[in-house]
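Notes for the one structure printed next.
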Ligand code: G
Ligand code: G
Ligand code: NA
Ligand code: MN
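Numbering (UniProt numbering), first residue to last: 696 to 949.
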């Protein structure tokens, strides 16, 4: 109840922030995109993890307004990046199932992008298999319209749900993010390595981009590069950071 009440007020009192975690091309070591990850600093509860408050926001329906805030802020931060000359980067936003119960999620996203003058090609959404289960028709139709607009779709936490391979085939996705539980022991566990290799092969045959999540060491990075994984995301490259910190780093890099 405490989290629920505080969530309501949190948007109004600007207690939420977005941090961004880079996604890197493993061939060129260049940053290709950023995943937006929400952060909450509440005066009474302190810092609350999204793993804790997102489920509450979903159950109570607050996720719709919060999700709209995330989309708007991510688009306006993308605009900032473009104004600083970073025209190659894109931003990915996590979307919960309840957000598909919006009047029109695709319509809302396109409106926000137009407002901030951000092309659809610079915006991505990340969904998990659980979003699709039990809401197939509702979600599929909206995914198709998002894709038609040029927004790319990533299947997140891949490998942790059910009938994963089937979803690769039937959903209009562009990107598969391999869950970090497969990356964690990829060097010591041959089964994990075999699964990741198989996913890369399947993805290639369907022209999907593969992103490995939770990459924590140089050795994992090297291995992923050797087996042909396209992109990586994780602490070894960068922790999630505020947009200002990323802008400073990008200035130093060029
Ligand atoms: O950032 P962190 O690793 O603590 O995120 C924990 C969980 O919260 C992850 O599953 C992540 O996908 C989810 N999450 C982070 N930001 C958002 C968001 O803006 N919307 C939704 N729906 N989930 C998010
Ligand atoms: O569910 P989703 O994949 O969106 O969750 C992303 C979560 O993973 C975020 O909470 C983010 O902070 C966390 N994360 C990002 N990189 C790493 C990493 O290298 N190791 C671990 N353990 N967590 C990570
Ligand atoms: Na995600
Ligand atoms: Mn994930």
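Backbone N, C-alpha and C define an ideal beta-carbon position, used for all residues, glycine too.
- Within the same chain, Cβ atoms closer than 8 Å to the Cβ of residue 834 are found at 792, 795, 822, 826 and 827, the five residues on either side in sequence being excluded.
- Within the chosen limit of 6 Å, ligand 2 does not reach the beta carbon of residue 750 with any heavy atom.
- Annotation for residue 760: no beta strand (DSSP E) segment contains it, though the alpha helix (DSSP H) segment containing it runs 758-778.
- The three-state secondary structure of residue 811, taken from DSSP, is coil.
- Setting aside the 5 residues that flank it on each side, residue 925 is surrounded in the same chain by 904 and 905, each with a C-beta closer than 6 Å to its C-beta; the list follows chain order.
- Judged by DSSP secondary structure, residue 872 falls within the beta strand (DSSP E) whose first and last residues are 870-873.
- Residue environment: residue 728 is assigned as buried (16 or more neighbouring CB atoms within 10 Å of its CB, all protein chains considered).
- Under the three-state reduction of DSSP output, residue 887 falls in the helix class.
- Under the DSSP assignment, residue 819 falls in the beta strand (DSSP E) whose first and last residues are 818-822.
- Exclusion of the five residues before and after residue 932 leaves 717 and 719 as the residues of its chain whose Cβ lies within less than 6 Å of its Cβ.
- In the DSSP secondary-structure assignment, residue 715 is bridged to 731 and 936.
- In this structure, the alpha-carbon of residue 938 lies about 22 Å from that of residue 806.
- For residue 743, the closest alpha carbon among the candidates 817, 712 and 778 is that of 712.
- One thing to note: residue 909 has its Cβ within 7 Å of the Cβ of residue 878.
- Using a Cβ distance threshold of 7 Å, residue 819 and residue 849 count as a contacting pair.
- In this structure residue 745 does not touch residue 761 by the C-beta definition: roughly 10 Å separates them, more than the 8 Å allowed.
- In the structure shown, residue 914 adopts helical secondary structure according to DSSP, grouped into three states.
- Inclusion of residue 852 in the 6 Å shell around ligand 2 follows from its C-beta lying nearer than that to a non-hydrogen atom of the ligand.
- Distances from the CA of residue 816 to each of 852, 773, 942 and 725 were compared; the closest alpha carbon is that of 773.
- DSSP places residue 703 in the uninterrupted alpha helix (DSSP H) bounded by 697-707.
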